[in-house]
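Q: Just dropping this structure here.
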Amino acid sequence: MLEQSIRDNTRPAPVDTVAQPRAAAVPVRLPRLLVMLPALNEAATVQSVIGSIPRSIEGVASVEILVIDDGSTDDTAALARAVGASVISHGINLGVGAALQSGLDEALRRRVDIAVNIDSDGQFDPGQIPTLIRPILARETDFVSASRFLHAALIPEMPLTKKLGNRGMSWLISTLAGRRFADVSCGFRAYSREAMLQLVLTGKFTYTQETFLVLAQKGLRLYEIPLAVRGVREHGTSRVASNLFRYAFRTSGIIWSCLRDYRPGSIFNTVSFVLLLSSLGIGGFFIWHRITAGVFTPHIWAGFVSAFFFGLALMIFALGQIALMVARLRMVQDKQLYLMRRHLQRNEDS
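When we follow the working numbering, the leftmost residue of the sequence shown carries the number -15, and every step to the right adds one.
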């Protein structure tokens, strides 16, 4: 009887053959895409560019098209509406940087998941949008920029001065951002929702270099993808890079402002250190001459110059400390804006 009881207790429990109800499968929400086209007097090309944008992309729920009319005096806005695009009009020319910021603000208002900006002059192929957004769809990066110089076989035909200018600007932004980029001036880009929430642009003239600096400063993942791009416009001239000296001057101002706001210590401390070394060097010469010659003349100037550089170094260092405090306030404000945007989106979704 004992053995029978042991055998009965060690038998596996009977399996319930009645089918258990399965949890309902949660449908996967596909991301929505907004294609933004900043435009200024692009009546000759805007309809063909809009018509070439793919309306169905694998892994994307919907494709919306937005033209930001930056003060056009031709029929750009009317022609864009005629082929089904939404239009935001500035009324006056504010600059392509301001146009992009208006597009990003609208993208956040519409709560889209991915935004693409593409020029409306026909230099970029809208058929490459699926390739451009693929790394974002795969959640591999937050920001993607088409690169004209990443692969030698895809370098477009363009004037030598523009090619050298692009290479020099890429080197500068790479140095400042602490990451290596081959092309920081291309206007064909894709942004994840996180990048849109984090990106705050202040430059109105252009946005290309500032975008890299701001997103890199905030620690987002940036990616370049080599794509074939036309080197020169088919119609008209570029409103941004038509004059290289003007472009360099205004772009330098935007880069300076970005560094001043996010990394002031690297500017003020470096200048202060150089002035301090100059003061010590000239002061050392002044003292050495006094010891060896027994008189200050004829190099009494060295004492005044050394004292001037020393005072200037102290003043710039103090200004740098003030700039650092302002930069911290800017970072706090950016964080507050980011949280406010996320909070507003959650309230609208609920």
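Even glycine gets a Cβ: it sits at the ideal position worked out from N, Cα and C.
Under a CB-based cut-off of 8 Å, is His327 close to chain C?
A: Structure shown: chain C not included; a single protein chain is present.
Q: Residue range of the beta strand (DSSP E) that Met20 falls in?
A: Translated into the one-based positions of the sequence shown, residue 20 becomes position 36. Residues Arg16 to Ala23.
Q: Inspect the CB distances between the segment 294 to 304 and the segment 254 to 264 and report whether three or more fall short of 8 Å.
A: The segment 294 to 304 is in contact with the segment 254 to 264.
Q: Whose CA, out of Thr29, Glu26, Ala27 and Arg39, lies closest to the CA of Arg16?
A: For the purposes of this step, residue 16 is taken as the residue at position 32 of the sequence shown. That would be Arg39, whose Cα lies nearest to the Cα of Arg16.
Q: With respect to 7 Å, is the separation between the Cβ of Val198 and the closest non-hydrogen atom of the ligand ATP below this value?
A: This structure simply doesn't include the ligand ATP, nor any ligand for that matter.
Q: For Leu206 versus Leu160, is the C-beta distance shorter than 8 Å?
A: If you number the sequence shown from 1, residue 206 lands on position 222. If you number the sequence shown from 1, residue 160 lands on position 176. For Leu206 and Leu160, no; Cβs fall outside 8 Å.
Q: In angstroms, rounded to a whole number, what distance separates the CA positions of Val19 and Val316?
A: By 1-based counting over the sequence shown, the position of residue 19 is 35. By 1-based counting over the sequence shown, the position of residue 316 is 332. In a straight line, the C-alpha of Val19 is about 30 Å away from that of Val316.
Q: Give, in chain order, every unbroken run of the beta strand (DSSP E) that is at least 3 residues long and sits entirely within the segment 74 to 115.
A: Counting whole runs of 3 or more residues, the segment 74 to 115 contains the beta strand (DSSP E) stretches 98 to 101.
Q: Pick out whichever of His273, Ala99, Ser32 and Gly81 has its Cα sitting closest to the Cα of Val67.
A: In the sequence shown, residue 67 corresponds to position 83, counting from 1. Checked all of His273, Ala99, Ser32 and Gly81; the closest Cα to Val67 is Ser32.
Q: Does the count of Cβ pairs from the segment 179 to 194 and the segment 72 to 88 closer than 8 Å reach three?
A: These segments touch.
Q: Which full runs of the alpha helix (DSSP H) of 4+ residues lie inside the segment 133 to 209, going along the chain?
A: Complete alpha helix (DSSP H) runs here, min 4: 144 to 161, 177 to 182 and 192 to 201.
Q: For the alpha helix (DSSP H) containing Leu50, list its first residue and its last residue.
A: Position 66 of the sequence shown, counted from the first residue, corresponds to residue 50. Here Leu50 belongs to no alpha helix (DSSP H); instead the beta strand (DSSP E) covers Ser46 to Asp53.
Q: Should Met324 be labelled buried (16 or more other beta-carbon atoms within 10 Å of its own) or exposed?
A: Translated into the one-based positions of the sequence shown, residue 324 becomes position 340. Met324 comes out exposed.
Q: So, with DSSP's three-state summary, where would you put Ile72?
A: Mapped onto the sequence shown, residue 72 falls at position 88. Three-state result, Ile72: strand.
Q: Determine the contact status of Ile37 and Ala130, defining contact as a CB-CB distance below 8 Å.
A: Position 53 of the sequence shown, counted from the first residue, corresponds to residue 37. Position 146 of the sequence shown, counted from the first residue, corresponds to residue 130. No, they are not a contact pair.
Q: Ignore the nearest five residues each way along the sequence and tell me which others in Ala27's own chain have a CB closer than 7 Å to its CB.
A: Translated into positions along the sequence shown, residue 27 becomes position 43. Here the set comprises Asp58, Asp59, Thr60 and Leu63.
Q: Which residues does DSSP pair with Ala130 in a beta bridge?
A: Counted from its first residue, the sequence shown places residue 130 at position 146. Paired residues: Ile209.
Q: Alpha carbon to alpha carbon, what distance is there between Met180 and Leu88?
A: Numbered from 1 along the sequence shown, position 104 holds the residue referred to as residue 88. Numbered from 1 along the sequence shown, position 196 holds the residue referred to as residue 180. In a straight line, the C-alpha of Leu88 is about 6 Å away from that of Met180.
Q: Please determine if the segment 97 to 113 and the segment 165 to 174 are in contact, where contact requires at least 3 C-beta pairs separated by less than 8 Å.
A: In short, these stretches touch, since the Cβ pair count reaches three.
Q: Could you tell me the distance, in whole angstroms, from the CA atom of Arg247 to the CA atom of Ser158?
A: Working through the sequence shown from its first residue, we reach residue 247 at position 263. Working through the sequence shown from its first residue, we reach residue 158 at position 174. The alpha-carbon atoms of Arg247 and Ser158 are separated by roughly 15 Å.
Q: Looking at Ile49 and Ala69, is the spacing between their C-beta atoms short of 8 Å?
A: Residue 69 sits at position 85 when you count from the first residue of the sequence shown. Residue 49 sits at position 65 when you count from the first residue of the sequence shown. Yes, they are a contact pair.
Q: Mind checking whether Ser290 and Ile266 have CB atoms under 8 Å apart?
A: If you number the sequence shown from 1, residue 290 lands on position 306. If you number the sequence shown from 1, residue 266 lands on position 282. Cβ distance < 8 Å, so Ser290 and Ile266 count as in contact.
Q: Ser46: which of Pro114, Gly268 and Phe108 sits nearest, CA to CA?
A: Numbered from its first residue, the sequence shown carries residue 46 at position 62. When each option's Cα is compared against that of Ser46, the closest is Pro114.
Q: From the DSSP output, in three-state form, read off Asn(-7) for me.
A: Counting from 1 along the sequence shown, the entry for residue -7 is found at position 9. Because the pLDDT of Asn(-7) is 44, which lies under 50, any placement of that residue in the model is unreliable, and the question is left without a value.
Q: Could you tell me whether the Cβ atoms of Val128 and Pro140 are closer together than 8 Å?
A: Along the sequence shown, read from residue 1 onward, the residue named residue 128 stands at position 144. Along the sequence shown, read from residue 1 onward, the residue named residue 140 stands at position 156. No; because the gap between Cβ atoms is not below 8 Å, this pair is not in contact.
Q: In its own chain, which residues sit with a C-beta less than 8 Å from the C-beta of Arg314, not counting the 5 before and 5 after it?
A: Along the sequence shown, read from residue 1 onward, the residue named residue 314 stands at position 330. Same-chain partners within the cutoff: Asp245 and Tyr246.
Q: Can you grab the Cα-Cα spacing for the pair Lys319 / Arg326, in whole Å?
A: Within the sequence shown, residue 319 is the residue found at index 335, counting from 1. Within the sequence shown, residue 326 is the residue found at index 342, counting from 1. When rounded, the distance between both Cα atoms is 11 Å.
Q: Using only the alpha-carbon positions, how far apart do Asn77 and Gln85 sit?
A: As a first step, residue 77 must be located in the sequence shown, where it is residue number 93. As a first step, residue 85 must be located in the sequence shown, where it is residue number 101. Going from the Cα of Asn77 to the Cα of Gln85 covers about 14 Å.
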